[in-house]
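Trainee:
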Ligand SMILES: Nc1ncnc2c1ncn2[C@@H]1O[C@H](COP(=O)(O)OP(=O)(O)OP(=O)(O)O)[C@@H](O)[C@H]1O
Ligand SMILES: Nc1ncnc2c1ncn2[C@@H]1O[C@H](COP(=O)(O)OP(=O)(O)OP(=O)(O)O)[C@@H](O)[C@H]1O
Ligand SMILES: O[C@@H]1[C@H](O)[C@H](O)CO[C@@H]1O
Ligand SMILES: [Mg+2]
Ligand SMILES: [Mg+2]
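Shown next, in the form of structure tokens:
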């Protein structure tokens, strides 16, 4: 009857997270019928864009068997420096150009991570911990530490641009910003790379076993290098969107979010040991965190309990499969 | 004949010693009147213990190949609980003896929170099999979350004057926080090198599966590790509380990565099995000299962050190259 | 000789490989003809794996020339070597646990054709063709991590086949396999030879090596010491060439007449794994347990040591019950367990030799909460000396030791705890012939001292050389107990295979 | 340079326009007097980070500190140590500070709060729900403004109701944005909002714009045109009030030098700075007297 479902459907993290999301929505709708409206959906979507893009990057790194904690610093570095650059040399710059600059900056910083990790073989956590400090320290020391709110006007235009905006007959206001397209683009592109290219399969292979990958002739170094460059580019994109949509180039923002993003990804089923992780899972993980962050109040839990709730979700989301695996291992002897 | 001396000069700790001496020397030369002033020296001694103690907590967790991302959460939750006890039950008018009793109760409560939090972390790792990084990431949010829920996210303040003593007083001219750090560092050193528990921690970190097969009681060991980390975090929390004369759910959030960074810089292997307290102490001192020295030179705090990161990667590059050299000079594993 | 070189698929001349301080290979000439099966023999550390790494391009040679299919390669890497038709099946198979069977089989092919895009359909076709060729059926979509060992090996072989291998190199392929799987493997090798595929076969198991090979090459200390048709070698002469000495094995002397029952295992069972396991072990007795892969012998051994929790039955030592599923309790009852996989389960590789022994005796040397470091070190060194561990420096990491010495360190840890029952799982897996005989000596010696020893092994000569009695397991049950005159190699082999 | 002094101005948070503007004042002071006057601030508006910064300044051996405390009470021990070390301490926005030589206030804070409320109430037509925002529950002036405003509303506009607690934003526009979304979700009929931290109205304004509620709501608060301008343009924010932080920064530094030179501060004296021409002295607290109200019409008059 359920042949079309993957064999492990019922035990997958994706299923668990989707279940929790549905449960949450159900309870929320019961306590406040206004919850299940297009307003909520558009609010949540908006809140998911930046985290979503960052999470895709974090997932890719996890799949390759590494961990990256520097992507927030990359994002804010790319965003801030591209904004400052634009303001100094060409304030009338069209936003797509700023976006490209930011993405290129991000990729360049990612390349630095990639260099240390792929070519010098340093442990990923340590490298990215170091570059987190370096990127942010460099940014704040040499590029600027002021929050800039008079952005290039085109960035403001971007943030005010919407794909759709309006009020439903029931009186529910919604707006879907252009930035949502960026998230969509990132998902499609990453899906293509991971599923349809040898490069993508190599990333999974390396995450499964670096040694095996090396032995069958996968170019491990360049593949890893690519991963960090790509993730850097995504961070650059996320950063510039964050800046535009937030109407401020804040060099202090984003950093501090890295662990929550990784948590969302792990909730979605990616494993720290590498080789496992899906886009669906990642998006579900992000959705869950965003919903909890934004809608706890609707189901009658004061927002001051937000942290506790997310913490417990992470513990459950990672604990249930971990415990199951532990039991299975004990069973197998 | 001198193998142990030779070993030491080849060890990461020795390199750290050189770095520390170099930084100290450099700063003394660059700004002799200020860096070596007694004002600066005492100020340094007041500053670093709070995050240094968190680094010690991180060290023991890392020795097992784990990590404790909840230390700052534990520190703040402990401090918030202590602060609430103090603000509810004691006040400025109270006789000193009575407020001292409340202070003792608050401190005990904070340490209990640390122990319980550690027990929770340990159980998640030992009994539920969560990877430590996720277990403590989640639990850290929960601990912080409780602190937020208890305070509404605001700072708790209004303590009797005695509270300020923990973080601001001196004993025979030595700042109390420094004394606390020294005592804890020495204790941890003893525990790691001179007790069966400490050796087991190291061995487990080197190969958890082999530890299981060697009939080591892993669960109990892990519980102890995280309880120690939790209680160390509580002490750090109390110092922070005393120095900020207040407690808040998100104090010291920048200390988390700093603690990891110091531990790794101190030569602790983040995958477990190697680490020495002396290395961590040297790393802490290097960081503090560097950061104070730069402060003397009027360099912004942000540049310090930059330099810390660079130092970490530099040390890693040196250490791993040392490791490859070491490896090729030995017969390799199959 | 010159004609050898003319037709050879692999032609190595005067290959030298130096690592810092070690000469792993010393001017070795080595040829493999198309369709030829070559056995590469040698003790641990003699250079076998190094030779393979050079052929497969994983490591460059320090000196000498490498020709593959008549073409000289100055720089070689795994990709070039694979493209030339050299495929290696490493001891650990080097598969991707997280990928499907199909992808594992076809990945190398896809890489070598320099595809940029991943064609799902093509990958499945390639994989199915490879599986069909050796006539096995495995679910193409199953994740490799979910497969049993023997199937993983088949996947590894299929991967080599799929990429049109001219030469398949198997580095110690049989250590994880039992007799039956070894036979199947031998069958596959014969088939490959018929198809013109050459095979290099590295193994410590001498008998099986001789059975499929045409040519034997023996390395010792990085030098080629013997080479010739397999028919000219027998186990004994191979051993002689490998070690440079003859290693005679003496069977164990009888168990003392008045020996008491030491351990009683009654009705031990665990659903899906083993059931109704009952036996007694006397002081000074060496009991063997054997059976095919997955027959449950490792699970039983682990259950005896508390690493697996049985659902039924009991274990008594000296008449008092040992709590089940609790390694600490087992070790308190003075049961010891030396696991199968030294590297992952047995040793703390990065830790010192001394600590690897001492970790078993920490509590005994604790007073007032602190360790007596000198006492601990002294005791450990004593044991290392008694077991003749050859170590320049006991503070060196245990990974610097050879396989045989590593195994002795693992033994020393348990012996220092004065066990009454010692369980040895695969005591000589991956250990060279010389050390193997020494380990067998130690086992017999332990028995004479009154320890009850349980040896789990599928190495029949090993069982014969050490055991008084052998239990044969199949599908989780004990199906036979052989003793005395019934204990012959033929008989054992027959019971296993039947 | 025997008479040149090191004066550190330690603000709540680095890099927000409010304190950037203050830094301009500090720099101007340094230029005009030749003193080594400079400004520092932590990355987040966090009392503990401010303590650490002040500790750094003590270690540097500065002669005077001009501090804008995030939460005055948290700074008592460290300011105590500073004073023990012989450092002159001037505070701003912290009338209750114990360990300070003088505290400088731009005006009577409760009045300023009432002034904002009067504008808010007028905009709301004297009725409806409103919410209030503060940088921190421990930031003294913010609470004085909000409390002053609430008292004024209760006395004069009985048809208005305060909903929710004081929303804490930690001088971070992003947090103000998040808090506003929560308020909008919990109180869909809300009509008015009053901010305190200069960043509050920016966060509020952004949330209002995203929901298209520019015309349905009234938003007032302390801020600067450079922060709130883009929202004043669209009507997401309706009006702001402020005092010039540059002048306040300069005034603190000037006071510090006066104290170090042993000059006396007296009631009614002229600090020689706009808004502080005739200060009043109440214990250790010095009050100036000028704030400005700004809306979309006159914002161009204040290019900071
Ligand atoms: N990467 C390396 N660095 C230094 N020495 C090495 C390295 N690899 C191998 N050696 C040394 O080269 C020699 C030959 O090793 P090799 O692995 O080829 O032996 P082997 O015959 O395969 O042994 P085994 O039967 O144990 O697998 C040994 O002395 C080994 O220690
Ligand atoms: N009858 C059975 N049915 C299903 N699974 C089994 C059965 N017997 C054993 N297994 C499983 O096969 C795997 C191997 O079992 P076990 O380790 O006991 O076998 P073994 O023959 O001792 O292995 P080895 O050859 O490595 O010593 C385990 O995962 C075990 O759970
Ligand atoms: O909080 C600060 C100032 O102290 C002032 O209150 C105005 O807003 C700022 O953000
Ligand atoms: Mg080998
Ligand atoms: Mg309006």
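Protein chains in written order, with the numbering used here: chain A, 1 to 333; chain B, 1001 to 1334; chain C, 2001 to 2498; chain D, 3001 to 3304.
Even glycine gets a Cβ: it sits at the ideal position worked out from N, Cα and C.
1) Buried or exposed: which applies to residue 2002 of chain C, given that a residue is buried once 16 or more other Cβ atoms fall within 10 Å of its Cβ?
2) Is the beta carbon of residue 3113 of chain D within less than 7 Å of some heavy atom of ligand 3?
3) Does any C-beta atom of chain B lie closer than 8 Å to the C-beta of residue 3300 of chain D?
4) When the Cα atoms are used, what is the spatial distance from residue 45 of chain A to residue 1304 of chain B?
5) Listing by chain order, which chain A residues have their CB less than 7 Å from the CB of residue 1242 of chain B?
6) Where does residue 3140 of chain D sit, in a helix, a strand or coil, going by DSSP?
7) Is the CB of residue 1187 of chain B under 8 Å away from at least one CB in chain C?
8) Closest to residue 2050 of chain C by C-alpha separation, out of C/2370, C/2012, C/2241, C/2484, would be which residue?
9) In chain D, what lies closer than 8 Å to residue 1073 of chain B by C-beta?
10) Three-state secondary structure (DSSP) at residue 3092 of chain D?
11) Report all residues from its chain with a CB closer than 6 Å to the CB of residue 2454 of chain C; omit the five preceding and five following residues, and keep chain order.
12) Report whether the distance from the Cβ of residue 1154 of chain B to the nearest heavy atom of ligand 3 is below 7 Å.
13) What would DSSP say about residue 1333 of chain B, mapped onto helix, strand or coil?
14) Report yes if the C-beta of residue 3105 of chain D is less than 7 Å from at least one heavy atom of ligand 3; otherwise report no.
15) Give me the subset of the stretch 2192-2218 of chain C whose CB atoms are less than 8 Å from a CB atom of chain B, sorted by chain position.
16) Could you check how far apart the C-beta atoms of residue 3221 of chain D and residue 3196 of chain D are, in whole angstroms? I think they sit under 8 Å.
17) If distances are taken between C-alpha atoms only, which option among A/99, A/110, A/196, A/185 comes closest to residue 224 of chain A?
18) For residue 2071 of chain C, which residues does DSSP report across the bridge?
19) By alpha-carbon positions, which one of A/125, A/289, A/173, A/74 ends up nearest to residue 101 of chain A?
20) My output table needs one value for residue 2 of chain A: the three-state DSSP class, helix, strand or coil.
21) Please confirm if residue 1155 of chain B has its CB atom under 8 Å from at least one CB of chain D.
22) What residues of chain A sit near residue 2482 of chain C, judged by a beta carbon separation below 9 Å?
23) Tell me, please, which residues DSSP counts as bridged to residue 1169 of chain B.
24) Name the chain C residues whose beta carbon is nearer than 7 Å to that of residue 196 of chain A?
25) Decide if residue 3144 of chain D is buried, meaning its Cβ has at least 16 other Cβ atoms within 10 Å, or exposed.
26) Against chain E, which members of the stretch 241-254 of chain A pass a CB distance test of less than 9 Å?
27) On the premise that residue 2059 of chain C lies in contact with residue 2017 of chain C, defined as a C-beta separation below 8 Å, what is that separation, rounded to the nearest angstrom?
28) Measuring only the C-alpha atoms, how far is residue 13 of chain A from residue 269 of chain A?
29) Is residue 2382 of chain C helix, strand or coil when you go by DSSP?
30) May I ask you to list, following chain order, the residues of the stretch 2096-2114 of chain C that have a beta carbon less than 8 Å from some beta carbon of chain A?
31) Note down the Cα distance separating residue 3009 of chain D from residue 1250 of chain B, rounded to an integer number of angstroms.
32) Consider the C-beta atom of residue 305 of chain A and the heavy atoms of ligand 3; say whether any pair is separated by less than 7 Å.
33) Round the Cβ separation of residue 3160 of chain D and residue 3127 of chain D to the nearest angstrom and send it over; I've been treating them as touching at under 8 Å.
34) Any beta-carbon of chain B closer than 8 Å to the one on residue 3162 of chain D?
35) Hey, is residue 221 of chain A close to ligand 3, as in C-beta under 7 Å from one of its heavy atoms?
36) For a cutoff of 8 Å on Cβ pairs, would you count residue 1078 of chain B as touching chain D?
Mentor: If we stick to the structure as given:
1) The residue you call residue 2002 of chain C lines up with position 2 of the third chain. With a pLDDT of only 46 at residue 2002 of chain C, under the threshold of 50, the placement of this residue in the model should not be trusted; the figure read from the coordinates follows. Counting Cβ neighbours within 10 Å, residue 2002 of chain C comes out exposed, since fewer than 16 surround it.
2) Here residue 3113 of chain D refers to the residue found at position 113 when the fourth chain is read from its first residue. Look at residue 3113 of chain D: its beta carbon is at least 7 Å from all of the heavy atoms in ligand 3.
3) Position 300 of the fourth chain, counted from the start, is the residue given in the question as residue 3300 of chain D. No, no contact with chain B.
4) Taking the first residue of the first chain as 1, we reach residue 45 of chain A at position 45. Taking the first residue of the second chain as 1, we reach residue 1304 of chain B at position 304. For residue 45 of chain A and residue 1304 of chain B, the distance between alpha carbons rounds to 38 Å.
5) Along the second chain, read from residue 1 onward, the residue named residue 1242 of chain B stands at position 242. Under the 7 Å cutoff, chain A gives no residues; its nearest Cβ is about 24 Å from residue 1242 of chain B.
6) Indexing the fourth chain from 1 puts residue 3140 of chain D at position 140. It is helical.
7) Start at 1 with the first residue of the second chain, and residue 1187 of chain B comes out as number 187. For residue 1187 of chain B, the answer is no, since every Cβ of chain C falls outside 8 Å of its Cβ.
8) The residue you call residue 2050 of chain C lines up with position 50 of the third chain. When each option's Cα is compared against that of residue 2050 of chain C, the closest is C/2012.
9) Translated into the one-based positions of the second chain, residue 1073 of chain B becomes position 73. Going along chain D, no residue has its Cβ under 8 Å from residue 1073 of chain B, so there is no contact; the nearest lies around 15 Å.
10) Working through the fourth chain from its first residue, we reach residue 3092 of chain D at position 92. DSSP places residue 3092 of chain D in strand when its eight states are reduced to three.
11) Within the third chain, the letter at position 454 stands for residue 2454 of chain C. Result list for residue 2454 of chain C: 2287, 2423, in chain order.
12) Within the second chain, numbered from 1, the residue matching residue 1154 of chain B stands at position 154. Result no, Cβ not under 7 Å from ligand 3.
13) Position 333 of the second chain, counted from the first residue, corresponds to residue 1333 of chain B. Only weak support is given to the placement of residue 1333 of chain B: the predicted model assigns it a pLDDT of 35, under 50, and the question is left unresolved by the model.
14) Position 105 of the fourth chain, counting from 1, holds the residue named residue 3105 of chain D. No - ligand 3 has no heavy atom lying nearer than 7 Å to the Cβ of residue 3105 of chain D.
15) Under the 8 Å Cβ criterion, the stretch 2192-2218 of chain C contributes no residue.
16) Counted from its first residue, the fourth chain places residue 3221 of chain D at position 221. Counted from its first residue, the fourth chain places residue 3196 of chain D at position 196. About 6 Å separates the two Cβ atoms, so the contact holds.
17) Residue numbering aside, residue 224 of chain A sits at position 224 when the first chain is read from its first letter. The shortest CA-to-CA distance from residue 224 of chain A to any of A/99, A/110, A/196, A/185 is the one to A/110.
18) Numbered from its first residue, the third chain carries residue 2071 of chain C at position 71. Paired residues: C/2068.
19) The residue given as residue 101 of chain A occupies position 101 in the first chain. The option with the nearest alpha carbon to residue 101 of chain A is A/74.
20) Walking along the first chain from the start, residue 2 of chain A turns up at place 2. Confidence is the limiting factor: at residue 2 of chain A the pLDDT is only 48, short of 50, which leaves the residue's position unreliable, though a coordinate-based value still follows. DSSP places residue 2 of chain A in coil when its eight states are reduced to three.
21) In the second chain, the residue the question calls residue 1155 of chain B occupies position 155. Chain D, which has a Cβ nearer than 8 Å to the Cβ of residue 1155 of chain B, makes this yes.
22) Against the third chain, residue 2482 of chain C aligns to sequence position 482. Within chain A, no residue comes near residue 2482 of chain C; the closest Cβ sits about 26 Å away, beyond 9 Å.
23) Translated into positions along the second chain, residue 1169 of chain B becomes position 169. According to DSSP, residue 1169 of chain B bridges with nothing at all.
24) Numbered from 1 along the first chain, position 196 holds the residue referred to as residue 196 of chain A. Against residue 196 of chain A, the close residues of chain C are 2117, 2118, in the order they occur along the chain (beta-carbon pairs closer than 7 Å).
25) Counting from one through the fourth chain, the residue named residue 3144 of chain D turns up at place 144. Flag for residue 3144 of chain D reads buried.
26) Of the protein chains in the structure, A, B, C and D, none is chain E.
27) Against the third chain, residue 2017 of chain C aligns to sequence position 17. Against the third chain, residue 2059 of chain C aligns to sequence position 59. Contact holds; Cβ gap of about 7 Å.
28) Residue mapping note: residue 13 of chain A aligns to position 13 of the first chain, counting from 1. Residue mapping note: residue 269 of chain A aligns to position 269 of the first chain, counting from 1. Cα to Cα, residue 13 of chain A sits roughly 5 Å from residue 269 of chain A.
29) Locating residue 2382 of chain C in the third chain gives position 382, where the first residue counts as 1. Of the three classes helix, strand and coil, the one that applies to residue 2382 of chain C here is helix, per DSSP.
30) Correct list: 2096, 2097, 2098, 2099, 2103, 2107, 2108, 2110, 2111, 2112.
31) Counting from one through the fourth chain, the residue named residue 3009 of chain D turns up at place 9. Counting from one through the second chain, the residue named residue 1250 of chain B turns up at place 250. Their backbone Cα atoms lie some 24 Å apart in a straight line.
32) Your numbering for residue 305 of chain A matches position 305 in the first chain. Not under cutoff, so the answer is no.
33) Your numbering for residue 3160 of chain D matches position 160 in the fourth chain. Your numbering for residue 3127 of chain D matches position 127 in the fourth chain. The pair is a contact, with the Cβ atoms about 6 Å apart (cut-off 8 Å).
34) Position 162 of the fourth chain, counting from 1, holds the residue named residue 3162 of chain D. Residue 3162 of chain D is outside the set of residues whose beta carbon lies under 8 Å from a beta carbon in chain B.
35) Mapped onto the first chain, residue 221 of chain A falls at position 221. The answer is no for residue 221 of chain A.
36) As a first step, residue 1078 of chain B must be located in the second chain, where it is residue number 78. Residue contact check for residue 1078 of chain B against chain D: no CB pair falls below 8 Å.
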